[in-house]
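A short write-up of the structure that comes next.
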Amino acid sequence: MSTYFVNPDNFKPIKIGKENFYAKFIADRVPSMYSKLVCIWIILFIIAISLISRPSNIEGKKKTDTYENNFIKNENYEVNQLENSIENDKLEITTI
49 MSTYFVNPDN FKPIKIGKEN FYAKFIADRV PSMYSKLVCI WIILFIIAIS LISRPSNIEG
109 KKKTDTYENN FIKNENYEVN QLENSIENDK LEITTI
């Protein structure tokens, strides 16, 4: 895109010694290219920011509830397994 703004006709540089130089009218377009690119980036940034949204309370609440319920169920399952394990160990000790 920057090439389109600065050198749309694809003029080749002029070689002087080991250096390559572009014509003055091409070099004079560089500052305006930066201005145009910054404007484009600002527009894209504004569009991107405007498309960011938070989930509605209902959707967020459902997801949170599901996560919390799954976590609690898993935690309760682990506690029950641990209690069963402890009871089995007590039964084995008392029967010896």
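Mind the numbering: the sequence shown is residues 49 to 144 in the numbering used here, read in order.
Here a beta-carbon is modelled for each residue, glycine too, at the ideal position from N, C-alpha and C.
Owing to the predicted nature of the structure, the values given are computational and were not obtained by experimental measurement.
query: Where the beta strand (DSSP E) containing Phe69 begins and where it ends; result: 67-69
query: For Ile64 and Ile97, the rounded distance between their alpha carbons; result: 47 Å
query: Candidates Ile95, Ser133, Val78, of which the one nearest Ser50 by Cα; result: Val78
query: Between the CA atoms of Cys87 and Ser80 - distance to the nearest angstrom; result: 11 Å
query: Rounded separation between Val54 and Asn68 - CA only; result: 16 Å
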